[in-house]
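Residue numbers (full-length UniProt numbering), protein chains in the order written: chain Y, 1 to 218; chain U, 1 to 238.
Using N, Cα and C, we set each Cβ at its ideal position, and we do this for glycine too.
What follows is one structure encoded as structure tokens, with my remarks underneath.
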Amino acid sequence: MSTVLRRRRPRPLQPRDQVFGQRAPGNSFLHRAPAGLKVTVLAAVALGVMIIREPQLNLAVLAAVIIVSAAARIPAGMLLTLLRRIWLLLAAMLAAQLAFNDLVTGLEVFSRVLAGLFSAHLLILSTTTHELLGVFRALLKPLRLLGVPTGKIVLAALVTLRAIPYLADQFYLAGQQARARGLERSIRARTVPVLLSAVAYARDTGRALCARGIEEIN
Amino acid sequence: MPPAGITFTGVRVLAGERQLLEVPDLHLTEQRISVIGPNGGGKSTLLQLMNSLIEPSYGHVSVNGLDTIDAGSDVRQQVGFVFANPAAQLVMPTPLEDVELSLRGRIKNSRERRAAVRDCLEHLGIADLAERSSHEISAGQQQLVALATVVVLKPRLLLLDEPTTLLDRVNAGRFMHTVEQMCTAQQIQIVTATHDLQLAARAQRCLMIEDGAISLDGAPAEVITEYIRRTDHASLPA
Numbered sequence: 001m002s003t004v005l006r007r008r009r010p011r012p013l014q015p016r017d018q019v020f021g022q023r024a025p026g027n028s029f030l031h032r033a034p035a036g037l038k039v040t041v042l043a044a045v046a047l048g049v050m051i052i053r054e055p056q057l058n059l060a061v062l063a064a065v066i067i068v069s070a071a072a073r074i075p076a077g078m079l080l081t082l083l084r085r086i087w088l089l090l091a092a093m094l095a096a097q098l099a100f101n102d103l104v105t106g107l108e109v110f111s112r113v114l115a116g117l118f119s120a121h122l123l124i125l126s127t128t129t130h131e132l133l134g135v136f137r138a139l140l141k142p143l144r145l146l147g148v149p150t151g152k153i154v155l156a157a158l159v160t161l162r163a164i165p166y167l168a169d170q171f172y173l174a175g176q177q178a179r180a181r182g183l184e185r186s187i188r189a190r191t192v193p194v195l196l197s198a199v200a201y202a203r204d205t206g207r208a209l210c211a212r213g214i215e216e217i218n
Numbered sequence: 001m002p003p004a005g006i007t008f009t010g011v012r013v014l015a016g017e018r019q020l021l022e023v024p025d026l027h028l029t030e031q032r033i034s035v036i037g038p039n040g041g042g043k044s045t046l047l048q049l050m051n052s053l054i055e056p057s058y059g060h061v062s063v064n065g066l067d068t069i070d071a072g073s074d075v076r077q078q079v080g081f082v083f084a085n086p087a088a089q090l091v092m093p094t095p096l097e098d099v100e101l102s103l104r105g106r107i108k109n110s111r112e113r114r115a116a117v118r119d120c121l122e123h124l125g126i127a128d129l130a131e132r133s134s135h136e137i138s139a140g141q142q143q144l145v146a147l148a149t150v151v152v153l154k155p156r157l158l159l160l161d162e163p164t165t166l167l168d169r170v171n172a173g174r175f176m177h178t179v180e181q182m183c184t185a186q187q188i189q190i191v192t193a194t195h196d197l198q199l200a201a202r203a204q205r206c207l208m209i210e211d212g213a214i215s216l217d218g219a220p221a222e223v224i225t226e227y228i229r230r231t232d233h234a235s236l237p238a
């Protein structure tokens with residue numbers, strides 16, 4: 001009597017989703033282009049598709065994104081992770097458009113949103129968070145003349161940016177903890193720990209900044 | 001020279017009606033002090049009184065002759081604070097910028113400032129981390145960066161609130177070794193709140209805090225032995 005050894009199939013370990021720092025490898029012309037220029041082009045493209053509202057333009061923008069990313073040797077998979085991450089949202093939007101609009105308008109709106117999202121994703125893939133923050137700082141500078149506390153806004157933005165990967169980790173951890181207790185369907189088990197750790201994180205960050213005497217970043 | 005050390009006189013801290021801590025009389029002049037005791041006993045409150053993050057409801061706390069209420073910001077300039085959670089203490093994208101942020105008010109020239117930062121990182125043995133992403137480095141490295149953001153300001157007193165709780169043994173050892181070496185070299189007084197009794201034993205004086213009061217005060221070996229005796233007794237089934 002022989003037993004057949006069957007290979008077991010363990011549930012694959014999901015890699016944790018990296019929210020930031022998912023910059024595409026390489027040092028192409030797109031990576032090296034100044035962040036300010038890239039943001040300006042993105043703003044122009046976004047404004048263009050929103051004002052002109054032509055499906056041909058939207059498709060042209062999408063084609064341009066594909067060509068530029070191929071030329072910069074950005075892996076297609078990295079570009080497409082965007083779809084994997086927000087497909088549910090996109091599907092809901094498409095359904096709503098088709099329900100309340102005619103087919104042509106619905107597809108135009110959908111392709112317009114896709115064009116904007118993919119252009120922005122290309123910017124994120126080819127630019128460090130650090131560089132983007134520099135652009136944000138520069139953009140805010142003129143407001144200082146109007147008495148806006150730009151240093152405080154930049155500090156708030158920084159703290160927010162740092163909090164996102166931390167909270168993403170806490171969400172993952174809460175999910176694992178809930179699963180370990182057999183509570184994977186309980187919204188309470190998955191969210192309460194995240195809320196508590198978010199409050200603790202906010203308090204700790206506030207205390208640390210206060211202890212260091214930091215109120216703004218110029 | 002103003003009187004050195006930390007003095008508590010008739011201190012009570014209330015949160016609403018509830019008393020968190022009472023320290024009638026305490027004078028700390030030793031260079032290395034450790035604070036131990038159960039969770040929620042008042043360790044953090046004691047430390048936060050020393051840099052005026054918490055102000056006493058009654059009584060006075062003074063650090064090197066400065067009252068923490070009357071001269072709160074002067075006190076904070078002399079006192080560095082490192083917390084347990086390294087991730088929550090860093091705000092800039094890279095360690096270099098985070099340490100630089102501490103110095104913005106002190107050194108106006110950006111080249112001089114950057115040089116001072118590099119010096120400090122070099123000193124702590126983490127020069128290679130300068131331009132890495134702050135949230136990609138390990139917790140042990142983050143805690144060393146958090147230390148750098150504080151010691152670059154050359155404090156006279158360093159408060160460490162469970163600084164090694166989230167670190168592994170090797171990183172915890174490395175962290176405390178760095179702290180002790182630096183503090184001895186620069187004559188910085190250190191107060192460490194910790195659950196790590198080996199770490200607490202390395203101080204010159206040890207305070208045990210429970211139920212909002214200092215219950216033991218003396219040489220670390222004796223205080224720790226008594227703490228272990230009491231807690232072992234308390235954890236036995238009735």
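Using 8 Å as the limit for Cβ to Cβ distance, is residue i near chain U?
i	result
Y/L158	yes
Y/Y172	no
Y/I217	yes
Y/R162	yes
Y/A63	no
Y/I214	yes
Y/P149	no
Y/L125	no
Please report the distance separating the alpha-carbon of residue i from that of residue j.
i	j	result
U/D67	U/T9	11 Å
Y/R188	Y/L195	10 Å
Y/G175	Y/A168	11 Å
Y/E184	Y/P165	22 Å
Y/R190	U/L53	33 Å
Y/S197	U/A87	12 Å
Y/A202	U/H60	29 Å
U/H202	U/E97	The residue asked about is misnamed: residue 202 of chain U is Arg in this sequence, not His. The alpha-carbon atoms of U/R202 and U/E97 are separated by roughly 33 Å.
U/G5	U/S215	21 Å
Y/L125	Y/T205	28 Å
Y/H31	Y/I67	15 Å
U/I224	Y/P75	58 Å
U/Q142	Y/L98	50 Å
U/G140	Y/A96	49 Å
U/Q89	U/A146	6 Å
U/Q78	Y/C210	14 Å
U/Q48	U/D70	16 Å
U/R118	U/V152	10 Å
Y/F118	Y/L82	8 Å
Could you check whether the Cβ of residue i sits closer than 8 Å to any Cβ belonging to chain Y?
i	result
U/R132	no
U/N64	no
U/N109	no
U/A87	yes
U/T149	yes
U/V99	no
U/H135	yes
U/R76	yes
U/M92	yes
U/N39	no
U/F83	yes
U/S102	yes
U/N51	yes
U/S138	no
Taking the CB atoms as reference points, tell me whether residue i and residue j lie closer together than 8 Å.
i	j	result
U/L14	U/G42	no
U/T7	U/S62	yes
Y/E108	Y/N58	yes
U/V82	U/L160	yes
U/F175	U/L144	yes
U/T94	U/E131	yes
U/E22	U/G212	yes
Y/L123	Y/V192	no
Y/I217	U/L101	yes
U/R76	Y/G213	yes
U/V91	Y/V159	yes
* Touching or not, the segment 31 to 44 of chain U and the segment 205 to 219 of chain U, by the rule of three or more beta carbon pairs under 8 Å? -> yes
* **Secondary structure, alpha helix (DSSP H): runs of 4+ residues fully inside the segment 126 to 159 of chain Y** => 129 to 140
* Asked: What are the start and end residues of each continuous alpha helix (DSSP H) run of 4 or more residues lying completely inside the segment 190 to 227 of chain U, in chain order?
  -> 197 to 200
* To do: Could you pull out every unbroken beta strand (DSSP E) segment of at least 3 residues lying fully inside the segment 128 to 181 of chain U, listed in chain order?
  => 157 to 161
* Whole runs of the beta strand (DSSP E) within the segment 6 to 94 of chain U, excluding any shorter than 3 residues -> 6 to 15, 18 to 28, 32 to 36, 58 to 63, 79 to 82
* Asked: Is it true that the segment 57 to 73 of chain Y meets the segment 112 to 132 of chain Y, where meeting means three or more beta-carbon pairs spaced less than 8 Å apart?
  -> yes
* Asked: In the segment 49 to 126 of chain Y, which residue ranges form an unbroken alpha helix (DSSP H) of at least 4 residues, counting only runs that do not cross its ends?
  -> 55 to 71, 76 to 100, 103 to 126
* Is the segment 94 to 102 of chain Y in contact with the segment 49 to 56 of chain Y, if contact means three or more CB pairs nearer than 8 Å? -> no
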